[in-house]
Amino acid sequence: MAVLPILRWPDKRLTTVCSANIADVAALAADMLDTMYAAQGRGLAAPQIGSLTRLFVMDATWKAGTPAPQVFVNPEILWRSAETAVGPEGCLSLPEITLDISRATSVKLRWQDVQMAVHEQTFTGFAAICIQHEYDHLNGVLTLDHLDPAARTTAEKALL
Ligand code: ZN
Numbered sequence: 620m621a622v623l624p625i626l627r628w629p630d631k632r633l634t635t636v637c638s639a640n641i642a643d644v645a646a647l648a649a650d651m652l653d654t655m656y657a658a659q660g661r662g663l664a665a666p667q668i669g670s671l672t673r674l675f676v677m678d679a680t681w682k683a684g685t686p687a688p689q690v691f692v693n694p695e696i697l698w699r700s701a702e703t704a705v706g707p708e709g710c711l712s713l714p715e716i717t718l719d720i721s722r723a724t725s726v727k728l729r730w731q732d733v734q735m736a737v738h739e740q741t742f743t744g745f746a747a748i749c750i751q752h753e754y755d756h757l758n759g760v761l762t763l764d765h766l767d768p769a770a771r772t773t774a775e776k777a778l779l
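Now the structure itself:
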């Protein structure tokens with residue numbers, strides 16, 4: 620169990636498409652949960668700690684007093700609702716800024732747990748938004764990449 624350093628934009632590892640996990644990931648997942656809680660986050664993707672693999676962790680409810688750590692290995696978004704909503708998103712790799720991003724309000728996800736068993740579930744609310752944000756990280760996509768050019772320039776100025 621360890622709290623790891625979190626990479627910050629513009630580290631190139633944050634814009635790299637990650638590879639599938641095929642081996643035991645329990646230790647990595649445990650370290651990522653420790654790191655996420657220590658950073659006061661509700662989601663953390665493997666590339667944010669320099670592991671270019673398809674894994675993210677989430678706890679959508681711990682800040683409300685009901686911890687529910689979840690680990691998603693090799694996740695795949697199978698379906699996104701047509702309904703979308705715009706809301707503010709922070710990112711532990713872009714700690715200086717919060718950006719308004721449009722996301723589907725529900726998603727259906729297939730993933731493996733740390734024993735590599737397969738699960739499928741539909742998520743709504745904050746969990747759906749968090750999943751889309753972390754899933755983006757596995758494809759090298761940051762909140763910045765959702766902005767139009769003018770808004771991106773403004774955001775980058777705030778970061779540099
Ligand atoms: Zn992020």
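Read in order, the letters of the sequence shown correspond to residues 620 to 779 in the numbering used here. Think of the CB as a built atom: it goes at the ideal place given N, C-alpha and C, for glycine as much as any other residue.
Judged by DSSP secondary structure, Arg-771 falls within the alpha helix (DSSP H) whose first and last residues are 768 to 778.
Within the model, the alpha-carbon separation for Thr-773 versus Ala-736 is close to 43 Å. Ala-646 and Gly-706 have their C-alpha atoms some 33 Å from each other. In the displayed model, Trp-628 falls within coil according to three-state DSSP, outside both helix and strand. In terms of side-chain proximity, the C-beta atom of His-756 is found nearer than 7 Å to a non-hydrogen atom of ligand 1.
With distances taken between CA atoms, Thr-743 lies nearest to Thr-703 out of Val-692, Thr-703 and Asn-640. The residues Arg-729, in chain order, have a CB closer than 6 Å to that of Glu-739 in the same chain once the five nearest residues on each side in sequence are set aside.
The DSSP assignment places 645 to 657 as complete runs of the alpha helix (DSSP H) inside the stretch 632 to 679, in order along the chain (cut-off: 4 residues).
The shortest CA-to-CA distance from Val-690 to any of Ala-648, Ala-683 and Val-636 is the one to Ala-648.
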